[in-house]
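Chemist: Before we start, here is the structure in question, set down as structure tokens.
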């Protein structure tokens, strides 16, 4: 036996910092890519394995509903008139439920902007006082069939897109996208923010509403399928999606607008905002995933959402139960003058795109996005490939050219995530942690482990 006569070679399965000590000592080593399971409850993993056939059947049923969804833009309306359960004293927000006391700066700023926009407060100080008074109620967008980017604020007078899943009959709602920088969804509340929102309500909304009405419907699913072939992943890169939407609606805007100046202003606004399609990609994802809800024994994730404090998920088979954990700070590229110290933890309902096999899950289709969020084109491919390990299937419509038109990884299985330790990959914008500042960068992150561990354990115990 020559064990002690041979050169020592070490396989490190712990932290990479352990390997550095070996390297410093001149010992050759390799780093094993080991991830521990998200839960230490071995009996629960055994229970899900025992019931694997039942769970798989349920997951296939839920995913089939998601893939069969036919989301189409069918109209617009004011939030109070069309969103189920909307009230004048109710403000909807991104992520899981949260109280004013626990809200982050950007969400507070967005609510203050909404209260001034609604005419309920004359200035930021009065808005903050009203927001904290208890006279205003708060609820997640997701609990009212809606989604909102970043702070996700929706108030009664805000115009919203109406998206219908024509295969299942369910609806989803989302506001119009304001653009980047100092905007309400990033927590800004300066006069120009309110002025822009008022123009969007008084001019952009009626113009687009009339155009959509004349068209009858716009097929959003086909726009996304094309956009993926044109370099978008429809979360942080929406240039192609916005361009395709522009082509679909521009002739109708010109035909139905009250005058050419109004038509020109509306089309110029869309043309100048590469992120305009984001809210529609979120709404179509919400409409698709809601179709997969309510399947008994399904471990399919139907919601990932962040409120800037907590990260929350929901499963098809566990109803409206939220599973939460601390929201992490993204790894990001920051605008000049800002650093990670300025960043708020992850925020927004836009991770509904990843939940639907888009965004970070489809980032291999959008190599140019790394210039905005960081990393390399090779990283983008690796991120997408890793997501196939934790999903139930592949998308039948959304396909990635670089992967020989393989369908995007779709339908996160919380059991697979818990067992492998692989967490969903998300690309996202970054808001300043203080209310009123706005966007300070864009980046990427893996979802935190706690919500998925808690969702897995709850699901397994209920089997």
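In the numbering used here, the protein residues as written are 226 to 688.
Every residue gets a Cβ at the ideal spot worked out from N, C-alpha and C, and that includes glycine.
Remember, predicted model here, so these are calculated numbers, not experimental data.
Thinking just about the alpha-carbon of each residue, which of 546, 587, 433, 356 is nearest to the one in residue 605?
Modeler: Looking up residue 605 in the chain shown gives position 380. Ranking 546, 587, 433, 356 by Cα distance to residue 605 puts 587 first.
Chemist: Alpha carbon to alpha carbon, what distance is there between residue 456 and residue 466?
Modeler: Position 241 of the chain shown, counting from 1, holds the residue named residue 466. Position 231 of the chain shown, counting from 1, holds the residue named residue 456. So the alpha carbons of these two residues sit roughly 9 Å apart.
Chemist: Does the structure place the region 478-495 close enough to the region 503-523 that three or more beta carbon pairs sit under 8 Å?
Modeler: Touching, no, given that fewer than three Cβ pairs across the two stretches are closer than 8 Å.
Chemist: In whole angstroms, what separates the C-alpha of residue 356 from that of residue 275?
Modeler: Along the chain shown, read from residue 1 onward, the residue named residue 356 stands at position 131. Along the chain shown, read from residue 1 onward, the residue named residue 275 stands at position 50. Their backbone Cα atoms lie some 50 Å apart in a straight line.
Chemist: Are the Cβ atoms of residue 176 and residue 385 separated by less than 9 Å?
Modeler: Because the chain spans 226 through 688 in this model, residue 176 falls outside it and cannot be assessed.
Chemist: Can you find the residues in the same chain that come closer than 7 Å, C-beta to C-beta, to residue 508, ignoring five residues on each side of it along the sequence?
Modeler: To locate residue 508, count along the chain shown from 1; it is residue 283. Once the five neighbours on either side are set aside, the close Cβ partners of residue 508 are 372, 386, 388, 397, 398, 399.
Chemist: Could you round the C-beta distance between residue 331 and residue 657 to whole angstroms and report it? I think they count as a contact, below 8 Å.
Modeler: Locating residue 331 in the chain shown gives position 106, where the first residue counts as 1. Locating residue 657 in the chain shown gives position 432, where the first residue counts as 1. Yes, they are in contact, since the Cβ atoms of residue 331 and residue 657 sit about 7 Å apart, within 8 Å.
Chemist: Just how far apart, CA to CA, sit residue 560 and residue 292?
Modeler: Within the chain shown, the letter at position 335 stands for residue 560. Within the chain shown, the letter at position 67 stands for residue 292. So the alpha carbons of these two residues sit roughly 37 Å apart.
Chemist: Between which residues of its own chain and residue 582 is the CB-CB distance below 7 Å, once the five residues before and five after are set aside?
Modeler: On the chain shown, position 357 is the one that residue 582 refers to. Counting only Cβ-Cβ distances below 7 Å, and skipping sequence neighbours, we find 620, 623, 633, 634, 635.
Chemist: In this structure, does DSSP put residue 461 in helix, strand or coil?
Modeler: In the chain shown, counting from the first residue as 1, residue 461 sits at position 236. Reduced to three states, the DSSP call for residue 461 is coil.
Chemist: When you compare only the Cα positions, how much space is there between residue 403 and residue 426?
Modeler: For the purposes of this step, residue 403 is identified with residue 178 of the chain shown, where counting begins at 1. For the purposes of this step, residue 426 is identified with residue 201 of the chain shown, where counting begins at 1. Each residue's Cα considered, the two are about 11 Å apart.
Chemist: Pick out whichever of 316, 665, 412, 376 has its Cα sitting closest to the Cα of residue 565.
Modeler: Counted from its first residue, the chain shown places residue 565 at position 340. Looking at the Cα atoms, 665 is the closest of the given residues.
Chemist: Is it true that the CB of residue 302 sits closer than 9 Å to the CB of residue 660?
Modeler: Here residue 660 is taken as the residue at index 435 of the chain shown, counted from 1. Here residue 302 is taken as the residue at index 77 of the chain shown, counted from 1. No. Outside cutoff.
Chemist: Compute the beta-carbon to beta-carbon distance between residue 505 and residue 298, rounded to the nearest angstrom, for a pair I have assumed lies under 8 Å.
Modeler: Start at 1 with the first residue of the chain shown, and residue 505 comes out as number 280. Start at 1 with the first residue of the chain shown, and residue 298 comes out as number 73. 7 Å between Cβ atoms; contact.
Chemist: Who are the near neighbours of residue 690 in its chain, counting only those whose CB is closer than 6 Å to its CB and skipping five residues on each side?
Modeler: Residue 690 lies beyond the range of the chain shown here (226 to 688); nothing can be said about it.
Chemist: Please state whether DSSP places residue 433 in a helix, a strand or coil.
Modeler: Your numbering for residue 433 matches position 208 in the chain shown. The answer is helix: DSSP assigns residue 433 an H, G or I state.
Chemist: Return the bridge partner residues of residue 172 from the DSSP annotation.
Modeler: Outside the displayed span of the chain (226 to 688) sits residue 172, for which this structure offers no information.
Chemist: Decide yes or no for the touch test of the region 642-651 against the region 675-682: beta carbon pairs closer than 8 Å, at least 3 of them.
Modeler: Segments in contact, yes.
Chemist: Can you tell me the Cα-Cα spacing of residue 351 and residue 572, whole angstroms?
Modeler: By one-based count along the chain shown, residue 351 stands at place 126. By one-based count along the chain shown, residue 572 stands at place 347. Distance between the alpha carbons of residue 351 and residue 572: 25 Å.
Chemist: What residue from 343, 268, 376 has the CA that sits closest to residue 410's CA?
Modeler: As a working mapping, residue 410 is identified with position 185 in the chain shown. Out of 343, 268, 376, 376 has the C-alpha closest to the C-alpha of residue 410.
Chemist: My output table needs one value for residue 306: the three-state DSSP class, helix, strand or coil.
Modeler: Looking up residue 306 in the chain shown gives position 81. In the structure shown, residue 306 sits in a helix (DSSP, three-state: H, G or I).
Chemist: Mind checking residue 614: buried by the 16 CB within 10 Å criterion, or exposed?
Modeler: Translated into the one-based positions of the chain shown, residue 614 becomes position 389. Residue 614 should be labelled exposed.
Chemist: Would you kindly report the start and end of the unbroken alpha helix (DSSP H) that includes residue 285?
Modeler: If you number the chain shown from 1, residue 285 lands on position 60. Residue 285 -> alpha helix (DSSP H) spans 277-293.
Chemist: Residue 653 and residue 668 - do their beta-carbons sit closer together than 9 Å?
Modeler: Position 443 of the chain shown, counting from 1, holds the residue named residue 668. Position 428 of the chain shown, counting from 1, holds the residue named residue 653. In this structure, residue 653 lies closer than 9 Å to residue 668 by Cβ.
Chemist: Between residue 365 and residue 575, how many whole angstroms is the CB-CB distance? I'm expecting something under 8 Å.
Modeler: Numbered from 1 along the chain shown, position 140 holds the residue referred to as residue 365. Numbered from 1 along the chain shown, position 350 holds the residue referred to as residue 575. Incorrect: roughly 14 Å between the Cβ atoms, too far for contact.
Chemist: Rounding to the nearest angstrom, what Cα-Cα distance links residue 687 and residue 284 in this structure?
Modeler: Counting from one through the chain shown, the residue named residue 687 turns up at place 462. Counting from one through the chain shown, the residue named residue 284 turns up at place 59. Their backbone Cα atoms lie some 16 Å apart in a straight line.
Chemist: Going residue by residue through the region 534-579, where are the continuous beta strand (DSSP E) segments of at least 3 residues, counting only ones entirely within it?
Modeler: Qualifying beta strand (DSSP E) stretches, in chain order: 535-540, 548-551, 556-559.
Chemist: When the Cα of residue 490 is compared with those of 432, 261, 545, 444, which residue comes out closest?
Modeler: For the purposes of this step, residue 490 is taken as the residue at position 265 of the chain shown. Out of 432, 261, 545, 444, 432 has the C-alpha closest to the C-alpha of residue 490.
Chemist: Curious, which full-length alpha helix (DSSP H) runs of at least 4 residues does the region 295-356 contain?
Modeler: The region 295-356 contains these whole alpha helix (DSSP H) runs: 304-307, 330-342, 349-356.
Chemist: Relative to the C-alpha of residue 452, which candidate in 595, 544, 511, 584 has its C-alpha closest?
Modeler: Counting from 1 along the chain shown, the entry for residue 452 is found at position 227. Selected option, being the one with the closest Cα: 584.
Chemist: Could you tell me whether the Cβ atoms of residue 526 and residue 580 are closer together than 9 Å?
Modeler: Numbered from 1 along the chain shown, position 301 holds the residue referred to as residue 526. Numbered from 1 along the chain shown, position 355 holds the residue referred to as residue 580. Cβ distance < 9 Å, so residue 526 and residue 580 count as in contact.
Chemist: Which of helix, strand or coil does DSSP assign to residue 637?
Modeler: To locate residue 637, count along the chain shown from 1; it is residue 412. Residue 637: strand per DSSP, three-state reduction.
Chemist: Provide the residue(s) that pair with residue 657 in DSSP beta bridges, ordered along the chain.
Modeler: Within the chain shown, numbered from 1, the residue matching residue 657 stands at position 432. DSSP output for residue 657 lists 568 as bridge partner(s).
Chemist: Does the beta carbon of residue 443 come closer than 9 Å to any beta carbon on chain C?
Modeler: Of the protein chains in the structure, only one exists, and it is not chain C.
Chemist: Taking C-alpha atoms, which residue in 628, 419, 289, 528 lies nearest to residue 345?
Modeler: Working through the chain shown from its first residue, we reach residue 345 at position 120. Of the listed residues, the one whose Cα sits closest to residue 345 is 419.
Chemist: May I ask you to list the residues that DSSP assigns as paired with residue 670?
Modeler: Position 445 of the chain shown, counted from the start, is the residue given in the question as residue 670. Bridge partners of residue 670: 651.
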